[in-house]
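Asks: Here numbering that gives the first Met the number 0 is used: the sequence shown runs in plain steps of one and ends on residue 151. Starting off with a structure, shown below.
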Amino acid sequence: MEQVRQTFQRHVLNPNQIKFELTESLVLDNISDTIVKMHALRQNGVRFSMDDFGTGYSSLSYLTQLPLDQLKIDQSFVRNIGVKHSDSIIVQTIIGMANNLGMEVIAEGVETEEQRAFLEQHGCVVYQGYLFGKPVPVEEFEEELKNRNDNG
Numbered sequence: 000m001e002q003v004r005q006t007f008q009r010h011v012l013n014p015n016q017i018k019f020e021l022t023e024s025l026v027l028d029n030i031s032d033t034i035v036k037m038h039a040l041r042q043n044g045v046r047f048s049m050d051d052f053g054t055g056y057s058s059l060s061y062l063t064q065l066p067l068d069q070l071k072i073d074q075s076f077v078r079n080i081g082v083k084h085s086d087s088i089i090v091q092t093i094i095g096m097a098n099n100l101g102m103e104v105i106a107e108g109v110e111t112e113e114q115r116a117f118l119e120q121h122g123c124v125v126y127q128g129y130l131f132g133k134p135v136p137v138e139e140f141e142e143e144l145k146n147r148n149d150n151g
């Protein structure tokens with residue numbers, strides 16, 4: 000914890016602009032200690048996202064104990080929207096549960112317009128995936144941003 004605080008001070012970082020993405024397995028490694036540390040960081044303004052949600056072994060009760068701002072639905076479920084009925088139901092349930100708990104939901108691995116439409120219909124409006132763009136090296140990304148800014 001002290002190392003994180005020192006890093007914020009040394010690099011003049013605003014904790015309100017920091018979001019840690021955690022996996023279920025990392026969080027569950029020592030759940031009691033994790034909860035205490037997350038709450039301490041949250042008091043300083045740090046936000047938290049649970050990455051690859053649905054693929055780990057977490058209990059739903061932890062969703063009420065962890066100070067999470069966001070759930071990222073794992074691409075293994077998103078990929079099967081419209082293909083495997085049970086995965087569509089799981090995605091729909093995760094979205095509803097997260098929204099009811101006041102968390103933002105991000106769907107990972109969105110590759111088709113049909114997947115995006117299903118997600119939007121059920122309350123998920125933030126997406127990641129090849130439908131929107133493929134990963135690129137940082138230099139290429141910076142060049143694309145520069146070109147967009149130069150062209151208005």
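Glycine is no exception: its CB is placed at the ideal position from the N, C-alpha and C atoms. Given the structure is predicted, the values throughout are model-derived calculations rather than measurements.
Since Tyr-152 contacts Ile-105 with CB under 8 Å, what's their CB separation in whole angstroms?
Replies: This structure does not reach residue 152, given that the chain is present from 0 up to 151, and the question cannot be answered.
Asks: When the distance is taken between beta carbons, is Met-102 closer than 9 Å to Pro-68?
Replies: Here the sequence assigns Asp to residue 68, which means Pro is not the residue at that position. Yes, the pair counts as a contact, with Cβ atoms nearer than the cut-off.
Asks: If we count Cβ pairs, one from each stretch, closer than 8 Å, do we get three or more for the segment 77-86 versus the segment 33-42?
Replies: Touching, no.
Asks: The beta strand (DSSP E) with Ser-48 in it runs from where to where?
Replies: Note, Ser-48: beta strand (DSSP E), 46-52.
Asks: With respect to the alpha helix (DSSP H) encompassing Val-3, which residues constitute its N-terminal and C-terminal limits?
Replies: Element bounds for Val-3: 1-9.
Asks: Quick one: which unbroken alpha helix (DSSP H) runs of 4-plus residues sit fully inside the segment 60-131? Chain order, please.
Replies: Taking only runs of at least 4 residues, the alpha helix (DSSP H) segments lying wholly in the segment 60-131 are 61-64, 74-77, 84-99, 112-120.
Asks: Determine whether the beta carbon atoms of Gly-53 and Leu-27 lie at a separation below 9 Å.
Replies: No.
Asks: Would you tell me roughly how many angstroms separate the C-alpha atoms of Leu-25 and Ala-116, rounded to the nearest one?
Replies: Approximately 32 Å between the Cα atoms of the pair.
Asks: Nearer than 8 Å: is that true of the beta carbon of Thr-22 relative to any heavy atom of the ligand ADP?
Replies: The ligand ADP is absent from the structure shown, which contains no ligands of any kind.
Asks: Check whether the Cβ atoms of Glu-23 and Ser-48 sit closer than 9 Å, and answer yes or no.
Replies: Not a contact, by the Cβ cut-off of 9 Å.
Asks: Does DSSP classify Leu-25 as helix, strand or coil?
Replies: Correct three-state label for Leu-25: helix.
Asks: DSSP has Phe-19 in a bridge; who is on the other side?
Replies: DSSP lists Phe-47 as partners of Phe-19.
Asks: Out of Pro-66, Gly-132, Gln-42, state which residue places its alpha-carbon closest to the alpha-carbon of Ser-31.
Replies: Nearest C-alpha to Ser-31: Pro-66.
Asks: Determine whether the beta carbon atoms of Leu-100 and Leu-62 lie at a separation below 9 Å.
Replies: Going by C-beta atoms, Leu-100 is nearer than 9 Å to Leu-62.
Asks: Name the residue from Glu-1, Glu-142, Gln-64 whose alpha carbon lies nearest to the alpha carbon of Asn-33.
Replies: It is Thr, not Asn, that sits at residue 33 in the sequence shown. The candidate whose alpha carbon is nearest that of Thr-33 is Gln-64.
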